[in-house]
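Q: This note's numbering applies: residue -14 is where the sequence shown begins, and numbers increase by one.
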Amino acid sequence: HITTLGEAMALYPVDPQHAKALCTSLQAPYFCSRAMAVIIAMLSVENLFYTPKNEQEVADRQRRLFASVYGDQLTLLNIFKVFMKEKKKNRSLQWAREHYLNHRGLLRAEDVLAQLLELEAQVLPLLKSLPAKCSASLDAAHGASFEIQSEDLQLRKCFAASFFLNAAQYSPAERAYRTVTGRNLVQVHPTSVLFRVHKPNCIIYNSVIHTTQRFLRDILEVEEKWLLEYGKQTYHHTAPPKAHKRRLAGQTLASRSEDMTVKKPRHD
-14 HITTLGEAMA
-4 LYPVDPQHAK
6 ALCTSLQAPY
16 FCSRAMAVII
26 AMLSVENLFY
36 TPKNEQEVAD
46 RQRRLFASVY
56 GDQLTLLNIF
66 KVFMKEKKKN
76 RSLQWAREHY
86 LNHRGLLRAE
96 DVLAQLLELE
106 AQVLPLLKSL
116 PAKCSASLDA
126 AHGASFEIQS
136 EDLQLRKCFA
146 ASFFLNAAQY
156 SPAERAYRTV
166 TGRNLVQVHP
176 TSVLFRVHKP
186 NCIIYNSVIH
196 TTQRFLRDIL
206 EVEEKWLLEY
216 GKQTYHHTAP
226 PKAHKRRLAG
236 QTLASRSEDM
246 TVKKPRHD
């Protein structure tokens, strides 16, 4: 049977994790619904970037102008903000060409954003029917502007709360990441803004590409403590309850992932 949150998520015509992120962004304490909708809309667009032959270096340099130190999702948000400003000046097409961006793709993202925001009117009543801890201050969150305080932090926490199953932790000895579920060895995709930059301890990822090895696409730096908190209801520990209680204070994401099996996520 479908839960109230599941019913709300089903209203969004996007992947379940994206729908979960959209619903979570409308709830306390995140309050970042508009910015989250922008990011989800941008993630829905394929081939947003294009690189003409022999112009790789120039294209990379132009796109780095929008790079967020935290990763790809916030970089997409930065791009969309500037796109909308340029669109108001009637020069978005030229701007997109100068920065090696797909103008049609950006227009498509704008259309998707409008659809997602329109659906909030149907989603909010369902979320308000959830327990008070989930639905508090939804009215204050609805319609929040881009320029809310600590937007990057709220978005990163919201992604951690929604994508904790798609988490990975860096292994210095292996010079690669290991996924929290499955313990698979993975690398950051070369198109990421974090490729060849610093290696965050913990990240969440939007998707995995399988070629000669596994690559993570669209990654975002998150805090280990957030993943431990948000994932505690989904990760099932094999250790006895008393032993688990003693170990919890000093536990790391790596040690937790080694002795866990994953429950099927519930949307409640």
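C-beta atoms are modelled at their ideal positions from N, C-alpha and C, and glycine is treated no differently.
Is Cys17 closer than 8 Å to Leu98 when the C-beta atoms are compared?
A: Indexing the sequence shown from 1 puts residue 98 at position 113. Indexing the sequence shown from 1 puts residue 17 at position 32. No, the Cβ-Cβ distance between Leu98 and Cys17 is not below 8 Å.
Q: Here's the rule: buried if 16 or more other CB atoms are within 10 angstroms of the residue's CB, otherwise exposed. What is Pro185?
A: Position 200 of the sequence shown, counting from 1, holds the residue named residue 185. Pro185 is buried by the Cβ-count criterion.
Q: Below 8 Å on the Cβ atoms is my guess for Val171 versus Ala158; work out the distance and round it to an integer in Å.
A: Mapped onto the sequence shown, residue 171 falls at position 186. Mapped onto the sequence shown, residue 158 falls at position 173. Contact doesn't hold; Cβ gap of about 15 Å is too wide.
Q: Going by DSSP in three states, Asp203 sits in which element: helix, strand or coil?
A: The residue given as residue 203 occupies position 218 in the sequence shown. Of the three classes helix, strand and coil, the one that applies to Asp203 here is strand, per DSSP.
Q: Using DSSP with H/G/I as helix, E/B as strand and the rest coil, what is Asn63?
A: What you label residue 63 is simply residue 78 of the sequence shown in a count that begins at 1. Note: Asn63 maps to helix in three-state DSSP.
Q: Rounded to whole angstroms, what is the Cα-Cα separation between His84 and Thr60?
A: Taking the sequence shown and counting its residues from 1, the one referred to as residue 84 is at position 99. Taking the sequence shown and counting its residues from 1, the one referred to as residue 60 is at position 75. Near 13 Å, if we compare the C-alpha coordinates of Thr60 and His84.
Q: For Cys17, which three-state DSSP category applies?
A: Start at 1 with the first residue of the sequence shown, and residue 17 comes out as number 32. If DSSP states are grouped into helix, strand and coil, Cys17 belongs with coil.
Q: Can you give the Cα-Cα distance for Thr166 and Gln12, rounded to whole angstroms?
A: Reading the sequence shown from its first residue, position 181 is the one you call residue 166. Reading the sequence shown from its first residue, position 27 is the one you call residue 12. Distance between the alpha carbons of Thr166 and Gln12 is about 26 Å.
Q: Where DSSP assigns a beta bridge to Ala152, which residues make up the other side?
A: What you label residue 152 is simply residue 167 of the sequence shown in a count that begins at 1. BP columns for Ala152 point to Ile189.
Q: Going by other Cβ atoms of all chains shown within 10 Å of its Cβ, with 16 needed for buried, is Ala4 buried or exposed?
A: If you number the sequence shown from 1, residue 4 lands on position 19. Per the 10 Å Cβ criterion, buried.
Q: Looking at the unbroken beta strand (DSSP E) that takes in Val171, where does it start and where does it end?
A: As a working mapping, residue 171 is identified with position 186 in the sequence shown. Note, Val171: beta strand (DSSP E), Leu170 to Val173.
Q: Report the CB separation of Ala6 from Val108 in whole angstroms; it is logged as a contact under 8 Å.
A: Along the sequence shown, one-based indexing puts residue 6 at 21. Along the sequence shown, one-based indexing puts residue 108 at 123. Actually they do not touch by this definition, with Cβ atoms about 12 Å apart.
Q: In the structure shown, what three-state DSSP assignment does Arg76 receive?
A: Against the sequence shown, residue 76 aligns to sequence position 91. The answer is coil: DSSP assigns Arg76 none of H, G, I, E or B.
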